[in-house]
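Everything below concerns the one structure shown next.
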Amino acid sequence: MPRLIRAALERAGVEGADRVSSGVDVVGDIAIVRLAGFSAPEKQKIAGAILGEMRNVRVVLEQEGGIEGEFRLRKLAHLAGERRTTTVHRENGCAFRVDVAKAYFSPRLSTERLRIAGLARPGERVLNMFAGVGPFSIAIAKVAGVKVTSCEVNEAAAELHEANDRLNKVEDLVTVIHGDAAELPDVLAERFDRILMPHPSESHRYLPAALRLAKGEGTIHYYRHVLGKDEAEAAAALRGELRGLLPEGARFCSRRVREVGPRWVEMAADIRLPGHKRGAGGRVRRRRGAG
Ligand SMILES: C[S@@+](CC[C@H](N)C(=O)[O-])C[C@H]1O[C@@H](n2cnc3c(N)ncnc32)[C@H](O)[C@@H]1O
Numbered sequence: 001m002p003r004l005i006r007a008a009l010e011r012a013g014v015e016g017a018d019r020v021s022s023g024v025d026v027v028g029d030i031a032i033v034r035l036a037g038f039s040a041p042e043k044q045k046i047a048g049a050i051l052g053e054m055r056n057v058r059v060v061l062e063q064e065g066g067i068e069g070e071f072r073l074r075k076l077a078h079l080a081g082e083r084r085t086t087t088v089h090r091e092n093g094c095a096f097r098v099d100v101a102k103a104y105f106s107p108r109l110s111t112e113r114l115r116i117a118g119l120a121r122p123g124e125r126v127l128n129m130f131a132g133v134g135p136f137s138i139a140i141a142k143v144a145g146v147k148v149t150s151c152e153v154n155e156a157a158a159e160l161h162e163a164n165d166r167l168n169k170v171e172d173l174v175t176v177i178h179g180d181a182a183e184l185p186d187v188l189a190e191r192f193d194r195i196l197m198p199h200p201s202e203s204h205r206y207l208p209a210a211l212r213l214a215k216g217e218g219t220i221h222y223y224r225h226v227l228g229k230d231e232a233e234a235a236a237a238l239r240g241e242l243r244g245l246l247p248e249g250a251r252f253c254s255r256r257v258r259e260v261g262p263r264w265v266e267m268a269a270d271i272r273l274p275g276h277k278r279g280a281g282g283r284v285r286r287r288r289g290a291g
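Residue numbers (our numbering): 1 to 291.
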């Protein structure tokens, strides 16, 4: 928890401020807190303290429970400040319109987005299978100046993504497909140099589709929540999972992105595919024009 908020809670006389353990997510001018275990008056005091201490915050919402469902949404309740769930969040020189009640957005991934944007090379074709309101895709288009195809199943998120493309002046570089990423191999004729899979609770189910969409020697950025008491244990769990999913000759390195719960870690694997492709079942799938 930021020291500022801890001090404010102590001044407001809220006992057990340590229990606001997962910190505060600040998305634009909206602060989102998890306050399980606090009474209603304590929640009001905490929200008031946040509004008073964080000058950029105009809305305080409580997140009840985890991030859930196909669209990865938070269940939110209004605590203090203006009554809205929409805002504009700025990071890495980009601006994102967000509706925190209708579309997924986490401010905690900005470093990872910048890392991926820094890897894209001129002329590459990039696919983001789980694009949300566009933070990865737009950062890549803006930083690397390359074309990105985004896919997103949540219509509200896809609409915000398109608005964000215009807001960041990358609408000529980014195409948004509103649909199911599993169907992309049948919809897209093109194959990609770099594929992003930022859907860490479900990405394993879509890896076969990503393998069909990647060029030979292409790269897949695979995100996954794994159990592990430390990075080494989480990396071993990820290795075990990928061993059964990747074609022969694929190589990867992994890194810890962030902690997502007690003993749960979000890991990223940068997977480099072999020059000619084999499907997960071992069949050779050569395609015209594929590396
Ligand atoms: C964890 S969020 C990540 C969003 C975005 N990449 C970001 O970092 O903000 C996963 C996203 O995948 C979308 N999604 C879930 N299943 C999908 C599917 N089958 N096809 C396309 N998008 C899907 C969800 O709606 C959600 O926006």
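Ideal Cβ placement from N, Cα and C applies to all residues, glycine included.
Not a single heavy atom of ligand 1 lies less than 7 Å from the C-beta of Glu-266.
By the criterion of a C-beta distance shorter than 6 Å, Val-143 is surrounded in its chain by Ala-117, once the five residues flanking it on both sides are discounted.
Pairing Met-267 with His-199, the inter-Cα distance amounts to about 11 Å. With at least 16 other beta carbons inside 10 angstroms of its own, Asn-128 counts as buried. Annotated as distal: Ala-209 and Asn-154, with beta-carbon spacing of 8 Å or more. Under the three-state reduction of DSSP output, Val-143 falls in the helix class. Rounded to the nearest angstrom, the gap between the Cα atoms of Tyr-222 and Asp-172 is 26 Å. Here Gly-28 is buried. Its C-beta has 16 or more other C-beta atoms within 10 Å.
Leaving aside the five residues that flank Arg-255 on each side, the residues in its chain whose CB is nearer than 6 Å to its CB run, in chain order, Ala-268. Val-257 sits close to Glu-112, with the two beta carbons spaced by under 8 Å. Sixteen is the threshold: since fewer than 16 other Cβ atoms of the shown chains lie within 10 Å of the Cβ of Glu-190, the residue is exposed. For Leu-196, the CB contacts under 6 Å within the same chain, skipping 5 residues up- and downstream, are Asn-128, Phe-136, His-221 in chain order. Put simply, of Phe-192, Ala-141, Gly-228 the residue whose alpha carbon is nearest the alpha carbon of Leu-211 is Phe-192. Note on Ala-141: 16 or more other CB atoms within 10 angstroms of its CB, so buried under the neighbour-count rule. Judged by the Cβ position, Pro-122 fails to qualify as a neighbour of ligand 1 at the 7 Å threshold, every heavy atom of the ligand being at least this far. Using a Cβ distance threshold of 8 Å, Leu-79 and Ala-47 count as a contacting pair. Secondary structure remark: continuous beta strand (DSSP E) runs of at least 3 residues inside the stretch 230-269, in chain order: 251-261.
Counting along the chain, Asn-128 sits inside the beta strand (DSSP E) bounded by residues 125-128. Exclusion of the five residues before and after Ile-271 leaves Thr-219, Ile-220, Tyr-222, Leu-246, Ala-250, Phe-252 as the residues of its chain whose Cβ lies within less than 7 Å of its Cβ. Note: Phe-192 is bridge-paired with Ala-214 in the DSSP secondary-structure output.
Proximity of the beta carbon of Asn-154 to ligand 1 is indicated: a heavy atom of the ligand is located closer than 7 Å.
At a threshold of 7 Å, Arg-72 counts as near ligand 1, since its beta carbon sits closer than that to one of the ligand's heavy atoms. The three-state secondary structure of Ser-150, taken from DSSP, is strand.
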